[in-house]
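The structure appears below as structure tokens.
Residue numbers (this note's numbering): 128 to 328.
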């Protein structure tokens, strides 16, 4: 597939805009999506991008310990009782260049491997899924925004020799997902702060 082209997409009724790959479609055109979520899926593959507006977790203030605990809490909430199938490979700080300074942001990369009995079922069940989760913290609004790129790796759909997260070998699918995340960090803009219940303009 050629390099991704990106287009600016309105999210949450246009209150937020961000650049997404042009080959991703809005899942709400196919099925109902919760009001606090936007879900976009690759029309040519299995990768999805999910924007999730949630209530802030953890104490006030910011820093590696407070925000690190918040990331872990959100990840546990996302995968539920399957947290023991998840392995975190790295976390780092990031920046949303179109937002005012003072809104800390972090990115986490992990893999989730199905339990053996789950993996035996459907033929299209992934060998594992790479989760790239970005946490944007809007403390003044008591809000956390999660942006998650989920990358299922299904046998026959990826080059197994290219992918070894424990060795830092991500492969093409994850390389694309990292590019999607970086494009969102540089293009994400809040146009209507009333989405969060107050006028911040």
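Glycine included, C-beta positions come from ideal geometry on N, C-alpha and C.
The model shown is predicted, which means the values in this text are computed figures rather than measured ones.
Enumerate, from N- to C-terminal direction, the unbroken beta strand (DSSP E) stretches of 3 or more residues contained entirely within the segment 254-283.
Whole beta strand (DSSP E) segments, 3+ residues: 255-265 and 270-280.
Run through the DSSP bridge pairs and tell me what residue 347 is partnered with.
In the structure displayed, the chain extends from 128 to 328; residue 347 sits before or after that span and is not available.
Just list the alpha helix (DSSP H) runs in the segment 175-257, keeping only unbroken ones of 4 residues or longer that don't cross its boundaries, in chain order.
Listed in chain order, the complete alpha helix (DSSP H) runs (minimum 4 residues) inside the segment 175-257 are 191-206 and 243-246.
Give me the Cα-Cα distance between residue 177 and residue 288, rounded to the nearest whole angstrom.
Residue 177 sits at position 50 when you count from the first residue of the chain shown. Residue 288 sits at position 161 when you count from the first residue of the chain shown. One C-alpha to the other measures close to 28 Å.
Could you please give the first and the last residue of the uninterrupted alpha helix (DSSP H) stretch that includes residue 301?
Position 174 of the chain shown holds residue 301. Where residue 301 is concerned, the enclosing alpha helix (DSSP H) stretches over 298-314.
Tell me whether the beta-carbon of residue 174 lies closer than 8 Å to the beta-carbon of residue 297.
Sequence index remark: in the chain shown, residue 174 carries index 47 (1-based). Sequence index remark: in the chain shown, residue 297 carries index 170 (1-based). Taking 8 Å as the Cβ cut-off, residue 174 and residue 297 do not qualify as a contacting pair.
For residue 184, the nearest candidate out of 281, 291, 283 and 266 (CA to CA):
As a first step, residue 184 must be located in the chain shown, where it is residue number 57. It is 266 whose Cα lies nearest to the Cα of residue 184.
When DSSP labels each residue in this structure, what does residue 173 get in the three-state scheme?
Here residue 173 refers to the residue found at position 46 when the chain shown is read from its first residue. If DSSP states are grouped into helix, strand and coil, residue 173 belongs with coil.
Helix, strand or coil: how does DSSP classify residue 328 here?
As a position in the chain shown, residue 328 is number 201, starting the count at 1. With a pLDDT of 49 at residue 328, under the threshold of 50, the predicted position of this residue should be treated as unreliable, and no value is reported.
Boundaries of the beta strand (DSSP E) in which residue 157 is found, first to last residue
One-based indexing of the chain shown puts residue 157 at position 30. For residue 157, there is no enclosing beta strand (DSSP E), as DSSP marks it with neither H nor E.
So, for residue 317: in the same chain, excluding its five sequence neighbours on each side, which residues have a beta-carbon less than 6 Å away from its beta-carbon?
On the chain shown, residue 317 is found 190 positions in, with the first residue counted as 1. 143, listed in sequence order.
State buried or exposed for residue 291, treating a residue as buried only when at least 16 other CB atoms are found within 10 Å of its CB.
For this step, residue 291 is matched to residue 164 along the chain shown. Residue 291 is exposed by the Cβ-count criterion.
Check whether the segment 302-322 and the segment 143-163 touch, using three or more Cβ-Cβ pairs below 8 Å as the test.
With a cut-off of 8 Å on Cβ pairs, the segment 302-322 is in contact with the segment 143-163, counting three or more such pairs.
Less than 8 Å between the C-beta atoms of residue 330 and residue 273, yes or no?
Residue 330 is absent from the structure shown; the chain starts at 128 and stops at 328.
CB of residue 205 within 8 Å of CB of residue 235, strictly
The sequence position of residue 205 within the chain shown is 78, counting from 1. The sequence position of residue 235 within the chain shown is 108, counting from 1. Cβ distance not < 8 Å, so residue 205 and residue 235 don't count as in contact.
By the DSSP assignment, the beta strand (DSSP E) with residue 136 in it spans what residues?
Residue numbering aside, residue 136 sits at position 9 when the chain shown is read from its first letter. According to the DSSP assignment, residue 136 belongs to the beta strand (DSSP E) that extends over 133-138.
What does the alpha-carbon distance come out to for the pair residue 161 and residue 200?
Translated into the one-based positions of the chain shown, residue 161 becomes position 34. Translated into the one-based positions of the chain shown, residue 200 becomes position 73. Going by the C-alpha atoms only, they are around 20 Å apart.
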